[in-house]
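Undergrad: In terms of numbering that gives the first Met the number 0, the sequence shown opens at residue 0 and continues consecutively.
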Amino acid sequence: MEKRATPNKEVARPKTQSKYYKFNSAKSQRERGLVRLRKNPATTIELRREEDIMMPAARVFELRALGHKIDTIWIEQPTECGRIHRVAQYVLVEEATV
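#1: DSSP state of A56, grouped into three classes?
#2: Anyone know if the C-beta pair for I44 and V86 falls short of 8 angstroms?
#3: My output table needs one value for A95: the three-state DSSP class, helix, strand or coil.
#4: With distances taken Cα to Cα, identify the nearest neighbour of D70 among F22, F60, V90.
#5: Output yes or no for whether 8 angstroms exceeds the beta carbon distance between R47 and A25.
#6: Please list the terminal residues of the continuous beta strand (DSSP E) segment that includes E75.
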């Protein structure tokens, strides 16, 4: 039996989808992380839960590449289910000058 190719159809995107991706872009996540770190230090768990940054280490790496001085302190912190994990706590020491 011969397989037939399915015709290419344009899939209409929901209008909210473009806002969703814009809001969750790496740039948006970096901005949210930097705003948070200006206020006080934050852990990996806190940045995920409170700022919706799924890969905080990557965003901090990118912020450092942009010239921000951010220190990492290793601490133990429980997750919502109560397990203790060794996580990074990020401290903004100095912001990059633009």
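No residue lacks a Cβ here, since even glycine has one placed at the ideal position from N, Cα and C.
TA: Quick look at the numbers:
#1: It is helical.
#2: Going by C-beta atoms, I44 is nearer than 8 angstroms to V86.
#3: If DSSP states are grouped into helix, strand and coil, A95 belongs with coil.
#4: Shortest Cα-Cα distance from D70 to any of F22, F60, V90 involves V90.
#5: Contact: no.
#6: First-last of the beta strand (DSSP E) with E75: 68-77.
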